[in-house]
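Below is one structure; the comments refer to it alone.
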Amino acid sequence: MSAVKSYDCIVTGGGHAGTEAALAAAKMGLSTCLFTMNLDTIGQLSCNPAIGGLAKGHIVREIDSLGGVMAQAADFAGIQFRMLNRSKGPAVWSLRAQADRVLYRVYIKRVLEETKNLDIKQGTVTSLTFDKSRNRITGVVTSLGTVYHSKAVIVTTGTFLNGLIHIGLQSFSAGRAWEFPSVGLSESLSELGLKIGRLKTGTPPRLDAKTIDFNKAEPQWGDNPPVPFSFSTKAILNPQLPCYITYTNEKTHGIIHNSLDRSPLYSGKISGKGPRYCPSIEDKVVRFSERPRHQVFLEPDGLNTSEYYANGISTSLPLDVQIELVRSIAGLEGAELMRPGYAVEYDFVYPACLRHTLEVKTIEGLYLAGQINSTSGYEEAAAQGLVAGMNAALKIKGAQPLELQRHEAYIGVMIDDLVTLGITEPYRMFTSRAEYRLLLRNDNAELRLKEKGYAAGLVDENRYEQYKSKLDSFNAEMYRFKTKRVKPDEINPSLIKRGISPLTEPSTLEQLLKRPGVDYEMLESVSAPDVELPTDLKLLVEAEIKYEGYIKQQEVLVEKMKRLQNKRIPDDFNYKEIGGLSTESLMKLLEVRPETVGQAQRIPGVTPSSISMILAYLEKRKRTENQR
Amino acid sequence: MNSYQDTIAAVSTPPGEGGIGIVRISGKDAIVISQGMFKSKKYKLPSTMPAFTMSLGHVINPLDGSSVDEVLIAVMRAPHSYTAEDVVEFHCHGGYFTVKKTLEITLSLGARLAEPGEFTLRAFLNGRIDLSQAEGVLDVIKSKTAESSRIALEQLSGGVSEKITEIVSALTTVCALTEAHIDFSDEDAQLSDVKEILINIGEIEKKLKQLSSTYETGRLYREGMSIAIVGRTNVGKSSLLNALLEKNRAIVSETPGTTRDTIEEYLNIDGIPARVIDTAGIRQSTEYAELEGIKRSLNSIEAADVIVAVFDGGAELTSEDFYIIEKTTGKTLIALINKSDLKAAFHASVLAESYGGGGLTPVLRISAKTNDGIGALKDMIFSIAAGNSPEVKNGVLITNVRHKRAIDECLFALARVATLLSDSMPLELAAFELRTALDTISEITGLVTTDSILDSIFGRFCIGK
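So the sequences go chain by chain: A and B.
For the first sequence, the positions run 1 to 628 when the numbering used here is used.
For the second sequence, the positions run 1001 to 1465 when the numbering used here is used.
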């Protein structure tokens, strides 16, 4: 078949992974085409109208630092911002925002449309074309039989791959409710030798605001002033809205218990594994039957709509039961459901087949990103899209790949987990997944990643200059803290006021800041820099100094880890030839085919002595090659 | 050249009783570590020693400055050593106990216990072993792995592995409680408070300390204990040895000084292998051979785990007896009055008082000739050696240095957690130390993954909106 057009890079899917992938590839100079089944749902927030949250907020800032779009879109669409975990240390502070669904997708679509080198087409990719002799992807075929050639294809199908929606005992094929599923592509991936599995997720009903009695719920407002996601956003311009909190009760739980025989989850109709951190209300009521109530968050869908998202009662019970259970909740007695909740099952690809660049190991030029790799969440998807898009471009340009490490970014932790550990449920990021958590703060995302984004060519000059000047102020302030000494009589009144033991001798600002109870603000009142720093830089200085001891400890661990992490294992490495590896180690190694000895070491079930043998064997191989 | 960041240590002579035992350290801190545990008056210290020379001195316990063993130390500098790294070897000659103690000290000073075959692996990776020997390197790793997993299995008795698993699971729960606060603080999940976490940590610490305290006893089970029988001549030491062994091994005669050298025999006391040393009688003598024997007897007193001081119940205590009392006071000791078949010449309390009274030294009257009281003596030796902990009675004993070390490091980390929590420091710092604690202890039974912690969170709390 002859192609209609040839591209460097084709992206299939216009969700959070697809849009970041297409933007990155195009901005880095590839002629790119994004195929979406519906141009009007590009950048759709399919589940809750919110971006960020614990650990996810970190990812959004990392995306921003690398040159992605999600943070700016969230700032543009944000109608409530909250910094979570403020009562803890800065490493685990995380930003969450409610977003106006329409504004979010409008922003994303506009950015795509304004991007050079990028075509956006409505169309359904139903199969991939492949050059068997060279193990290379060559392009895509759409449902209309049209062929497009491409050097790289990035597949981001979300929940659409053989999507099946359940409401009660009824089910129908769909990617999101009332949208076509993607059929055919899954078979095409399977033919390429990829292992396909099935997962499930769900969403709650949407309610009509004019039928909700908000007086019976507690409002929850965001921070004032709101803190934006993007390091380059100056201010949040939208009016800010509250969410409302109400609770289920014994009556709600009774309704659910009495209807479990009509639940697709409990009648065995759903086979895909759902996420435990995002259970349906029927799951919560059954598994935690001792709890008298569960929280329900009423989240506004946007500024110009009366739809409210009833977060906390995700359900796939039949519509009549959904209505009854919603109306048993305080404030929702007269609520009308505008859209029912539902569960969706979809195909995913076991991500052990991927490199850290998200390229399929066995098929050159084929990249997978987002929910197809078993993840859940907009942020996780967007980050993968960004990494896949960047790497597709880097590879075509013949540059070094971008492989984020576990100590560099949550994105690195996520991708390494995906390609190394087995998958048993949809993967979501938690801060506890990051062993170097104290290094991966949301306030230092730029310090960690901006240079990488700039080097790859994704961060534009303008934003890079902004970052550089910010970095200069930061370094100058760190230097001032190390060198500037304060006399006891200058600081003691402030210390005593806070019940902290006073100084007897002069001390540097740095030493003072390390004392519990002392913060930047206190020291600023005694000894201020020539030019006042922006709030985010003050917090950054505070975090870097206060936790220096722990940061150093983690850095030592990073150095130790690097020795094995830097040892690459060639693609054609023959584990069977080593002999003597335990059966479990051998099976796991063959399944994952780790790219580095460090990754091999992280595979559950691979023993330390197997690692010793791999090291010895690698050395033997290297020397044999040198001899030739 | 590989740049290993860590320094490894291991006993490099075969396990068991040998003439000398060698502890080898390799890595960039090898010389610094050896410097902290070696003293010599006359000879050179490790850092100033020329390569390939040996120096005589003592391995010193850095905690209390006491001497562990007299050793020869050899220093080899990178790249001229087996591993091409700085290598220090301690040649101990005090038997297996001192070898193990020396190894423990290297670990306490920052060395890491070597993985099976790791010296050979380093030698190979650092280019000391040529390609033709590469298969040999793999074979060494394989065979050492097989050997060490066999030994590890033997050492991790059912009771211990159960106990550790119990602790790991309790600690996983504490990690889950803490991580839930960090990762799900925006949820209505009814999380536990810091006080509950601290209480849980306290309980785990208690269990770990109990387990750690069984190490000394555990080592007795694994490596055996030494029992020295001492006494002046002709009080029946050799008869006692025969009675304990239930056979005739030592020459028993009426002539004083028959046992001129120390005689060693092995027996089993309720599962503890014991090496019994029948020493030459201590008395004033001018005969050279006998003097040598007496000197050895006195040395045995220093080295033994348990001393059985034997006195003749049929005769008044002599000045030689008092000399022995003086030499053995303060040791782990049973004072034994032999010849209970004869008329008692002095009361047991006289002996007890001579040892300082207060019931500190158990006194037992037996007859080696008639076997009267031999059973009671064995029971007493066992209870002195094994102590009275319930763990020991149930056979839950830590016998392996690696396990002991993991338990102690876990305890250190938990102490830091408790301080951080009590001082209301940010929770993620305590969480970091908790993970350190969990990682160290779970090394014994298999590392706990983040997934297990998440499992624990999702099993316990209703998470998710």
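The C-beta atom is built at its ideal place from N, Cα and C for all residues, glycine as well.
Residue environment: A1344(B) is assigned as exposed (fewer than 16 neighbouring CB atoms within 10 Å of its CB, all protein chains considered). F1124(B) has its alpha-carbon roughly 40 Å from the corresponding atom of A1303(B). D1305(B) is positioned such that its CB atom lies no closer than 8 Å to that of M1380(B). Inter-segment contact for the segment 1024-1038 of chain B and the segment 1075-1093 of chain B is present: three or more beta-carbon pairs are separated by less than 8 Å. By the neighbour-count definition (other C-beta atoms within 10 Å, threshold 16), I1199(B) is an exposed residue. Neighbours of V1137(B) in chain A, taken as residues at a C-beta separation under 7 Å, are given in chain order as A616.
Taking a Cβ-Cβ cut-off of 8 Å, the neighbours of P608(A) in chain B comprise E1115, given in sequence order. Looking from the CA of E1187(B), the closest CA among L54(A), K487(A), Q80(A) and I63(A) belongs to L54(A). Taking the Cβ atoms as the reference, R101(A) lies roughly 19 Å from G385(A), outside the contact range of under 8 Å. In the structure shown, the three-state DSSP call for E435(A) is coil. Secondary structure note for H1091(B): it is in no alpha helix (DSSP H), and the uninterrupted beta strand (DSSP E) holding it is V1087 to C1092. Every alpha helix (DSSP H) of 4 residues or more that sits fully in the segment 1417-1457 of chain B is shown, in chain order, as 1427-1442.
Interface annotation, K450(A): not in contact with chain B, CB-CB separation never under 8 Å. Judged by beta-carbon spacing, A71(A) lies within the 8 Å limit of R61(A), meaning their Cβ atoms are closer than that value. The beta carbons of A3(A) and Y148(A) sit about 6 Å from each other, so the pair counts as a contact at 8 Å. In this structure, S328(A) places its C-beta atom within 8 Å of the C-beta atom of N249(A).
Residue ranges of uninterrupted beta strand (DSSP E) with 3 or more members, entirely inside the segment 318-367 of chain A and ordered along the chain, are 337-339 and 342-349.
Around P1079(B), no beta-carbon contact reaches into chain A at under 7 Å, the shortest distance being about 16 Å.
In this structure, L418(A) and S376(A) do not form a Cβ contact; the two beta carbons are roughly 12 Å apart against a cut-off of 8 Å. Put simply, the backbone Cα of I1325(B) is about 34 Å away from that of K1042(B). Under the criterion of beta carbons closer than 8 Å, R1232(B) and D1139(B) do not qualify as touching, at roughly 56 Å. Burial is judged here by how many other beta carbons sit within 10 angstroms of a residue's own beta carbon; I1141(B) has at least 16 and is buried. Between M1054(B) and I1025(B), the C-beta spacing is not below 8 Å. Counting of Cβ neighbours within 10 angstroms places K216(A) among the exposed residues, the total staying below 16. Here S1169(B) carries a helix assignment [DSSP, helix/strand/coil].
Partner residues in a beta bridge of V541(A), as assigned by DSSP, do not exist.
Taking every protein chain shown into account, the CB of A1376(B) has fewer than 16 other CB atoms within 10 angstroms, so this residue is exposed.
D443(A) places its beta carbon 8 Å or farther from that of P228(A). When 9 Å is used as the limit between beta carbons, E1196(B) is near no residue of chain A, the shortest such separation being about 17 Å. Between S1367(B) and K1327(B) a beta carbon distance of about 25 Å is seen, past the 8 Å cut, so the two are scored as non-contacting.
Between I245(A) and Q295(A), the CB-CB gap stays under 8 Å. Boundaries of the beta strand (DSSP E) around A1309(B): V1306 to D1312. For I611(A), the enclosing alpha helix (DSSP H) covers residues P608 to Q627. Per DSSP, the beta bridge partners of R198(A) are D347(A).
Residue range C243 to Y247 is occupied by the beta strand (DSSP E) that includes Y244(A).
When rounded, the separation of the alpha-carbon atoms in F1311(B) and D1278(B) is 14 Å.
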